[in-house]
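Those protein sequences? They're chains U and A, same order as listed.
Following this note's numbering, the numbering of the first sequence begins with 1 at its first residue and continues without gaps.
Following this note's numbering, the numbering of the second sequence begins with 295 at its first residue and continues without gaps.
All C-beta atoms, glycine included, are put in the ideal place defined by N, C-alpha and C.
Before any comments, here is the structure.
There are 2 protein chains.
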Amino acid sequence: MTGGFHARNLAIVGMGLMGGSLALAIRAQADQIVGIDSDERARRIALERGLVDSATDDLYTGVNRADVVILATPVRVIVELLRMQLGSYLRSNTLVVDIGSTKQDIVAAMAALPIGVNAVGGHPMTGKENGGIDEADGRLFRNRPFVLCPSRRTTPAARLRAQALAQSLGGLPIEMDAERHDHIVAGISHLPYLLSATLVATISNRAQDDATFWALAAGGFRDTSRLAASDVTMMGDILSTNTQAVATLLAQFRMQLAMLETMLIAGDEERLSESLLPIQAARKEWAQKYENGR
Amino acid sequence: MTGGFHARNLAIVGMGLMGGSLALAIRAQADQIVGIDSDERARRIALERGLVDSATDDLYTGVNRADVVILATPVRVIVELLRMQLGSYLRSNTLVVDIGSTKQDIVAAMAALPIGVNAVGGHPMTGKENGGIDEADGRLFRNRPFVLCPSRRTTPAARLRAQALAQSLGGLPIEMDAERHDHIVAGISHLPYLLSATLVATISNRAQDDATFWALAAGGFRDTSRLAASDVTMMGDILSTNTQAVATLLAQFRMQLAMLETMLIAGDEERLSESLLPIQAARKEWAQKYENGR
Numbered sequence: 001m002t003g004g005f006h007a008r009n010l011a012i013v014g015m016g017l018m019g020g021s022l023a024l025a026i027r028a029q030a031d032q033i034v035g036i037d038s039d040e041r042a043r044r045i046a047l048e049r050g051l052v053d054s055a056t057d058d059l060y061t062g063v064n065r066a067d068v069v070i071l072a073t074p075v076r077v078i079v080e081l082l083r084m085q086l087g088s089y090l091r092s093n094t095l096v097v098d099i100g101s102t103k104q105d106i107v108a109a110m111a112a113l114p115i116g117v118n119a120v121g122g123h124p125m126t127g128k129e130n131g132g133i134d135e136a137d138g139r140l141f142r143n144r145p146f147v148l149c150p151s152r153r154t155t156p157a158a159r160l161r162a163q164a165l166a167q168s169l170g171g172l173p174i175e176m177d178a179e180r181h182d183h184i185v186a187g188i189s190h191l192p193y194l195l196s197a198t199l200v201a202t203i204s205n206r207a208q209d210d211a212t213f214w215a216l217a218a219g220g221f222r223d224t225s226r227l228a229a230s231d232v233t234m235m236g237d238i239l240s241t242n243t244q245a246v247a248t249l250l251a252q253f254r255m256q257l258a259m260l261e262t263m264l265i266a267g268d269e270e271r272l273s274e275s276l277l278p279i280q281a282a283r284k285e286w287a288q289k290y291e292n293g294r
Numbered sequence: 295m296t297g298g299f300h301a302r303n304l305a306i307v308g309m310g311l312m313g314g315s316l317a318l319a320i321r322a323q324a325d326q327i328v329g330i331d332s333d334e335r336a337r338r339i340a341l342e343r344g345l346v347d348s349a350t351d352d353l354y355t356g357v358n359r360a361d362v363v364i365l366a367t368p369v370r371v372i373v374e375l376l377r378m379q380l381g382s383y384l385r386s387n388t389l390v391v392d393i394g395s396t397k398q399d400i401v402a403a404m405a406a407l408p409i410g411v412n413a414v415g416g417h418p419m420t421g422k423e424n425g426g427i428d429e430a431d432g433r434l435f436r437n438r439p440f441v442l443c444p445s446r447r448t449t450p451a452a453r454l455r456a457q458a459l460a461q462s463l464g465g466l467p468i469e470m471d472a473e474r475h476d477h478i479v480a481g482i483s484h485l486p487y488l489l490s491a492t493l494v495a496t497i498s499n500r501a502q503d504d505a506t507f508w509a510l511a512a513g514g515f516r517d518t519s520r521l522a523a524s525d526v527t528m529m530g531d532i533l534s535t536n537t538q539a540v541a542t543l544l545a546q547f548r549m550q551l552a553m554l555e556t557m558l559i560a561g562d563e564e565r566l567s568e569s570l571l572p573i574q575a576a577r578k579e580w581a582q583k584y585e586n587g588r
């Protein structure tokens, strides 16, 4: 089932939660793993925990012998790396896979790589509330979808190798074009973040007059507001590289909200119930199918 | 610390999650507990699990000997009970406390009770994802705020007795007027529900063209959408008895969302970050203070 993925020299650029988790998950399939990060503490912990065989802050030193390079930095750093020096450092036939959260900008930037370098956009649909290499977990990818987006530098062989890589992590590879990916994640990830943040902003505003808002908030608020605690730099990076899709989904959200609000204000309880019942059913069905009912 | 609450004959109208949990939590402070519910299965389980000493579907039989009556049905059933026959069935000096999720309509209806009956509006800020008497849990109220709202039938003695009742359940009594309560829960509970439901409606709509929306949804969607699975009858009841406050909070939410969206679409990342950082800090501070960091 692993599709026989193997790397002689695997370089991971970015030793955070995702890069570190990937290192752990792929340990047995790589002869050598090199971790590249500008942060001394991240490099030290990667070495101490045995996630990597060596660590460096120098991109050239890290990637020039690699046959597989994973880009695990924030989205816009990935785009910069692809547009600037990375391509000239790589050997021919190297496979480059990124794991950034939005894909259109990255897949477009992959076209700037030299012919002979193979590149596939990737996005494992997984994560943790708290980031950082200290949270690295080799089981993070297991049974989770791993989206793969072809680029102009994706050969048929690169496609298969990227699939094998995703499977070797325990992930479920799903191929789609970058635009479709970005539209979907705008709905299931970026829109929820914005709603969560806006909810907290609304309550913060009210709580200036009455701090009891915070004291009475319970489980429903906890769940709905959880994403508002996400890393702001990471989310700003994601939103700014997916503005159009996010704005589209926001417009659709507003339309749906206006429909429910109209029924509520009009006191049309029958239509409100008729609208809420299929929503309840859809959420329950999703939880049954994908989350063991949670 | 329990304030010495004691009931000779405690009647609980509504043997669902909340009524059943309250019966469990107050067992030791009541000589006799009577459960009243029209549903035969709920009555049977309440008896089998020993939550109550007796059970009936007849309101008069259940409450006519009570010195304390707890109303634990949906909000509009509570309002109906208060406006219609309940008052005439009660003995003088009986304490009536409801535990409905909105308070203005209920507290107003308490004025219809005969002089001599004491009544206090109540709302324990707790719950569970799944309702029903099968989920009854005597620890549900522990260390959770228990809002108490005075009515025209609240004497000083009734106020103290209701506080003692809340404390005997392990709850933390907080007094406020019904209007303030309803405004707060519109923000921390009803607005989150509507956002959650609207998010699911938006994704359902998109998923008609591309079912992959559901397959890729992960933890962020799970948390933000969880409330959409709430019981529709219960939520319809709550929303319909708090329309004005919910509409007010929705308007404030829209304003906050429009501000963030404007920055996003304008590509003003600096202002976007400056807006998101205090939101992140507020959510983290709330979690630290009230939810052990969750």
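Given residue i, which residues of its chain have a CB within under 6 Å of its CB, disregarding the five upstream and five downstream residues?
i	result
Ala522(A)	Ser490, Ala491 and Val494
Thr448(A)	Val414
Arg436(A)	Gly464
Ala456(A)	Val391, Val414 and Leu442
Ile497(A)	Phe507
Asn42(U)	Note that residue 42(U) corresponds to Ala in the displayed sequence, not to Asn. If we look at Ala42(U) and ignore the five residues flanking it on each side, its Cβ neighbours are Met15 and Ile133.
Leu140(U)	Ser21 and Thr126
For a contact defined as C-beta to C-beta under 8 Å, what are the partners of residue i on chain A?
i	result
Phe221(U)	Ile482, Ser483 and Pro486
Ala229(U)	Gln574, Arg577, Lys578 and Ala581
Near residue i, which residues of its chain fall below 8 Å by C-beta distance, leaving aside the five closest residues on each side in sequence?
i	result
Gly62(U)	Ala11, Val13, Val34, Gly35, Ile36 and Thr56
With residue i as the anchor, note down where its beta strand (DSSP E) starts and where it stops.
i	result
Val117(U)	No beta strand (DSSP E) contains Val117(U), which DSSP labels as neither H nor E.
Ala576(A)	Segment Glu563 to Tyr584 is the alpha helix (DSSP H) holding Ala576(A); no beta strand (DSSP E) there.
Ala402(A)	Not the beta strand (DSSP E): Ala402(A) falls in the alpha helix (DSSP H), residues Gln398 to Met404.
Ile12(U)	Ala7 to Val13
Ala30(U)	Ala30 to Ile36
Leu95(U)	Leu95 to Asp98
Leu71(U)	Val68 to Leu71
Is residue i near residue j, with beta carbons less than 7 Å apart?
i	j	result
Val441(A)	His475(A)	yes
Asn303(A)	Asp361(A)	yes
Ile372(A)	Ile400(A)	yes
Glu416(A)	Ile393(A)	Checking the sequence shown, residue 416(A) turns out to be Gly, not Glu. Yes; because the gap between Cβ atoms is below 7 Å, this pair is in contact.
Met297(U)	Tyr193(U)	What the structure shows of chain U is the stretch from 1 to 294, and residue 297(U) is not part of that stretch, so it cannot be assessed.
Met312(A)	Ala340(A)	no
Ala406(A)	Cys443(A)	no
Asp237(U)	Arg83(U)	no
Ala451(A)	Ser315(A)	no
Gly138(U)	Leu24(U)	yes
Val479(A)	Ser273(U)	no
Leu543(A)	Gly481(A)	yes
Ala541(A)	Ile265(U)	yes
Ser240(U)	Glu563(A)	yes
Asn64(U)	Tyr89(U)	yes
Leu459(A)	Phe299(A)	yes
Asp347(A)	Gln326(A)	yes
What are the boundary residues of the alpha helix (DSSP H) that residue i is part of?
i	result
Val52(U)	That residue, Val52(U), is in no alpha helix (DSSP H); it is neither H nor E in DSSP.
Gly171(U)	Careful: Gly171(U) lies outside any alpha helix (DSSP H) and carries neither H nor E.
Asp531(A)	Val526 to Ser534
Asn437(A)	First-last for Asn437(A): undefined, no H or E at that position.
Ile320(A)	Leu311 to Ile320
Leu257(U)	Thr243 to Ala266
Interface residues of chain U around residue i at Cβ under 7 Å?
i	result
Ile409(A)	Per Cβ cutoff of 7 Å: no residues; Ile409(A) is ~31 Å from chain U at best.
Val526(A)	Ser273, Leu276, Leu277 and Gln280
Arg520(A)	Asp223
Arg588(A)	Arg222
Take residue i and list the residues in its own chain whose beta-carbon comes closer than 7 Å to its own, dropping the five residues that flank it on each side.
i	result
Met1(U)	Unreliable positioning characterises Met1(U) in this predicted model, as indicated by a pLDDT of 42, which lies under 50. The coordinate reading is nonetheless provided below. Result list for Met1(U): Gln167, in chain order.
Lys397(A)	Gly415, His417, Cys443, Ala472, His475 and Asp476
Arg453(A)	Val414 and Pro444
Using a beta-carbon distance below 7 Å, is residue i in contact with chain B?
i	result
Pro124(U)	This model lacks chain B altogether; the protein chains it does include are U and A.
Residues of chain U with CB under 8 Å from residue i, in chain order?
i	result
Phe547(A)	Thr198, Leu199 and Thr202
Gln550(A)	Thr198, Ala201, Thr202 and Asn205
Val441(A)	Leu216
Met529(A)	Leu276
Listing by chain order, which chain A residues have their CB less than 9 Å from the CB of residue i?
i	result
Ile26(U)	None at all; the shortest Cβ gap to chain A is about 21 Å.
Gly127(U)	Ala512, Gly513 and Gly514
Using a Cβ cut-off of 7 Å, pull out every chain A residue sitting near residue i, in sequence order please.
i	result
Thr241(U)	Within chain A, no residue comes near Thr241(U); the closest Cβ sits about 11 Å away, beyond 7 Å.
Report the residues of the stretch 364-388 of chain A with a CB closer than 9 Å to any CB of chain U, ordered along the chain. none
With 8 Å as the limit, tell me which residues of the stretch 557-584 of chain A have their beta carbon closer than that to any beta carbon of chain U; keep them in chain order. Leu558, Ile559, Gly561, Glu563, Leu566, Ser567, Ser569, Leu570, Leu571, Pro572, Ile573, Gln574, Ala576, Arg577, Lys578, Trp580, Ala581, Lys583 and Tyr584
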